[in-house]
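Mapping the sequence shown onto UniProt numbering, position 82 (from 1) lands on 83, and the numbers just tick up by one. Structure record follows, encoded as structure tokens.
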Amino acid sequence: NSLFDSVELAPRDPILGLNEQYNADTRSNKVNLGIGVYCDDQGRIPLLKAVRQAEIAQTEAAAARGYLPIDGIPGYNKGAQTLLLGKNSALVAEGRVLTAQTLGGTGALKVGADFLRRLLPGSKVAISNPSWENHRAIFENAGFTVDTYAYHNAATHGLDFEGMLAALDKLPTQTVVVLHACCHNPTGVDPTLDQWRKIANVVKEKQLVPFLDIAYQGFGEGLEEDASVVRLFAELGLTMLVSSSFSKSFSLYGERVGALTLISASREESTRVLSQLKRLIRTNYSNPPTHGGTVVSMVLNTPELYALWTQELTSMRERIRAMRIQLVEKLKTHGVKQNFDFVLAQRGMFSYSGLTSAQVDRLREEHAIYAINSGRICVAALNSRNIDYVAEAIAKVL
Ligand code: PMP
Numbered sequence: 002n003s004l005f006d007s008v009e010l011a012p013r014d015p016i017l018g019l020n021e022q023y024n025a026d027t028r029s030n031k032v033n034l035g036i037g038v039y040c041d042d043q044g045r046i047p048l049l050k051a052v053r054q055a056e057i058a059q060t061e062a063a064a065a066r067g068y069l070p071i072d073g074i075p076g077y078n079k080g081a082q083t084l085l086l087g088k089n090s091a092l093v094a095e096g097r098v099l100t101a102q103t104l105g106g107t108g109a110l111k112v113g114a115d116f117l118r119r120l121l122p123g124s125k126v127a128i129s130n131p132s133w134e135n136h137r138a139i140f141e142n143a144g145f146t147v148d149t150y151a152y153h154n155a156a157t158h159g160l161d162f163e164g165m166l167a168a169l170d171k172l173p174t175q176t177v178v179v180l181h182a183c184c185h186n187p188t189g190v191d192p193t194l195d196q197w198r199k200i201a202n203v204v205k206e207k208q209l210v211p212f213l214d215i216a217y218q219g220f221g222e223g224l225e226e227d228a229s230v231v232r233l234f235a236e237l238g239l240t241m242l243v244s245s246s247f248s249k250s251f252s253l254y255g256e257r258v259g260a261l262t263l264i265s266a267s268r269e270e271s272t273r274v275l276s277q278l279k280r281l282i283r284t285n286y287s288n289p290p291t292h293g294g295t296v297v298s299m300v301l302n303t304p305e306l307y308a309l310w311t312q313e314l315t316s317m318r319e320r321i322r323a324m325r326i327q328l329v330e331k332l333k334t335h336g337v338k339q340n341f342d343f344v345l346a347q348r349g350m351f352s353y354s355g356l357t358s359a360q361v362d363r364l365r366e367e368h369a370i371y372a373i374n375s376g377r378i379c380v381a382a383l384n385s386r387n388i389d390y391v392a393e394a395i396a397k398v399l
């Protein structure tokens with residue numbers, strides 16, 4: 002008898018499972034639109050020049066690798082706050098903003114979820130329908146019951162704004178509402194700023210607890226523009242949580258670079274809240290790792306590297322935009338009559354393409370093109386070499 006006799010096999014992660022299938026596929030024309038990473042026009046995950054330069058400087062400095070503080074590198078946290086709230090934030094000056102460096106955006110969500118679960122044991126969590134699949138798992142794993150609010154309208158390929166507002170309006174006070182601050186994953190559909198104002202007002206009136214997730218800052222309209230929603234909520238005087246991920250914006254997926262930021266009511270409150278976050282982190286993984294955090298901090302705090310990074314981020318954003326435009330054009334060229342203009346209105350790396358599960362199966366089986374069964378495709382995996390082939394294949398399965 003083994004101790005582990007009763008352990009059941011967990012279901013495998015659907016996206017990673019698809020990836021394994023892709024890797025095992027021997028067809029030379031295969032295309033992976035399944036996973037959520039940005040690839041350059043050569044189909045590779047880029048190593049940004051700003052990152053490379055920071056890494057070289059870091060290696061040359063040959064610094065010792067002592068433990069970081071529990072809440073991470075101060076310059077990193079300051080940099081994360083500036084990205085969210087801007088250079089001259091009154092809230093930061095008032096000491097109402099506190100940040101901890103975390104293990105990616107996932108780590109930020111997890112630390113935030115654990116903190117909220119202790120603070121609000123009677124609350125539920127609401128996520129968008131659909132949402133990034135790990136949202137539900139993270140909050141359930143922290144002990145919450147997770148419900149959804151209406152979000153995507155499959156008929157219009159847009160936002161179900163009325164449904165969303167009505168759903169939020171019905172939530173009990175102090176429900177934790179997870180909102181994608183920009184570039185919604187998986188749909189690519191974001192509310193307009195005007196719609197966000199109405200959403201924020203409901204959140205405020207109903208005394209909901211906003212947890213903004215911003216994993217694609219810089220991939221929508223620009224670094225500043227993509228932070229508008231965070232700033233809008235902050236200006237309404239809402240206390241809230243924000244999870245930032247730098248995985249995509251720095252192309253540093255494996256370094257686990259993220260941050261959890263909380264906006265409190267006062268400096269004194271921030272001190273108490275941060276002390277509790279540190280206790281959660283200390284008993285979980287003790288403190289964050291040095292390498293990725295040092296690189297991001299260096300880029301954010303060195304004007305020349307920052308300028309280089311924003312240029313590189315702009316090129317990534319513009320390349321995705323160009324792929325959206327080309328996809329829509331090439332679908333027309335290949336005789337598709339259906340209107341795909343909604344792809345142009347979507348933002349960020351993903352598109353809910355409207356392809357059915359059966360069409361996704363055919364793309365994979367007949368054309369070696371891998372997408373998620375929900376119809377989500379990663380637009381950032383399209384490039385000048387594969388886009389024509391993909392458009393032609395989609396035209397064939399429609
Ligand atoms: N939130 C959303 C909406 C995401 O799409 C992702 C990454 N796919 C994350 C959080 C987590 O990011 P990270 O890889 O930095 O943990």
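Positions of the beta carbon are idealized from the N, C-alpha and C atoms, including for glycine. It should be emphasised that the depicted structure is a prediction, and the values quoted were computed from it without experimental measurement.
Limits of the unbroken beta strand (DSSP E) element including residue i
i, result
"residue 1", "Nothing can be reported for residue 1: it is not among the residues displayed for the chain, which extend from 2 to 399."
"Phe-351", "351–353"
"Gln-102", "98–104"
"Ala-216", "Counting along the chain, Ala-216 falls outside any beta strand (DSSP E), and DSSP gives it neither H nor E."
"Tyr-390", "Counting along the chain, Tyr-390 falls outside any beta strand (DSSP E), though it belongs to the alpha helix (DSSP H) covering 388–398."
"Tyr-254", "Looking at the DSSP string, Tyr-254 is not in any beta strand (DSSP E), and its letter there is neither H nor E."
"His-181", "177–181"
Euclidean distance between Cα positions of residue i and residue j
i, j, result
"Asn-384", "Arg-318", "13 Å"
"Gly-159", "Val-190", "6 Å"
"Leu-281", "Val-296", "25 Å"
"residue 402", "Ile-46", "The question about residue 402 has no answer, for the chain in this structure spans 2 to 399."
"Thr-193", "Leu-4", "54 Å"
"Gly-355", "Asp-389", "19 Å"
"Gln-59", "Ser-248", "19 Å"
"Lys-397", "Gln-339", "13 Å"
"Pro-211", "Ser-265", "12 Å"
"Ala-91", "Ser-244", "20 Å"
"Gly-294", "Gly-73", "8 Å"
"Gln-312", "Thr-174", "43 Å"
"Glu-393", "His-153", "27 Å"
"Leu-117", "Leu-242", "10 Å"
"Ala-209", "Ala-151", "Note on identity: in this sequence residue 209 is Leu, with Ala being the wrong assignment. Spanning the two alpha carbons is a distance of roughly 16 Å."
"Gly-349", "Cys-183", "8 Å"
"Met-165", "Glu-9", "37 Å"
"Ala-94", "Leu-84", "15 Å"
"Lys-31", "Ile-378", "14 Å"
"Tyr-353", "Gly-376", "6 Å"
"Phe-140", "Cys-40", "30 Å"
"Ala-381", "Ser-358", "21 Å"
"Lys-333", "Ile-395", "11 Å"
"Val-361", "Asn-33", "12 Å"
"Ser-250", "Arg-119", "32 Å"
"Lys-125", "Glu-269", "27 Å"
Option nearest residue i by Cα separation, candidates the options
i, options, result
"Ala-168", "Phe-145, Ile-200, Ala-143", "Ile-200"
"Asn-374", "Arg-283, Phe-5, Gly-35", "Gly-35"
"Asn-285", "Asn-33, Leu-104, Arg-97", "Leu-104"
"Phe-341", "Arg-322, Leu-328, Gly-349, Phe-351", "Leu-328"
"Ser-316", "Leu-275, Phe-220, Met-241, Leu-117", "Phe-220"
"Ser-246", "Glu-21, Ala-101, Ser-7", "Ala-101"
"Pro-70", "Phe-251, Asp-42, Thr-291", "Thr-291"
"Phe-351", "Leu-242, Asn-186, Val-32, Ser-250", "Asn-186"
"Leu-48", "Arg-119, Arg-322, Glu-256, Met-324", "Glu-256"
"Gly-144", "His-136, Ala-114, Leu-86", "Ala-114"
"Ala-216", "Glu-269, Glu-305, Ala-81", "Ala-81"
"Ala-109", "Ile-321, Leu-278, Val-361", "Leu-278"
"Phe-343", "Tyr-307, Tyr-254, Ala-156, Gln-218", "Ala-156"
"Lys-79", "Gly-336, Met-324, Val-300, Thr-240", "Val-300"
"Arg-66", "Val-203, Asn-288, Ala-369", "Asn-288"
"Lys-111", "Tyr-77, Leu-261, Arg-320, Pro-304", "Leu-261"
"Gln-43", "Arg-320, Leu-345, Ile-395, Leu-332", "Arg-320"
"Asp-214", "Ala-11, Asn-135, Leu-309, Val-337", "Asn-135"
"Ser-129", "Phe-162, Gly-123, Pro-122, Gly-106", "Phe-162"
Boundaries of the alpha helix (DSSP H) in which residue i is found, first to last residue
i, result
"Gly-293", "292–302"
"Tyr-77", "75–86"
"Ile-200", "194–206"
"Arg-377", "Run containing Arg-377: none in the alpha helix (DSSP H); it sits in the beta strand (DSSP E), 377–379."
"Asp-161", "Counting along the chain, Asp-161 falls outside any alpha helix (DSSP H), and DSSP gives it neither H nor E."
"Thr-272", "268–283"
"Ala-64", "First-last for Ala-64: undefined, no H or E at that position."
"Ala-346", "343–346"
Near the ligand COA: residue i beta-carbon under 6 Å from a heavy atom
i, result
"Thr-188", "Here the bound small molecules are the ligand PMP; the ligand COA is not part of this structure."
Contact shell at 5 Å, judged by CB to any heavy atom of the ligand PMP, ordered along the chain: Put simply, the residues with a CB less than 5 Å from any heavy atom of the ligand PMP are Gly-37, Gly-105, Gly-106, Thr-107, Trp-133, Asn-186, Asp-214, Ala-216, Ser-246, Ser-248, Gly-259, in chain order.
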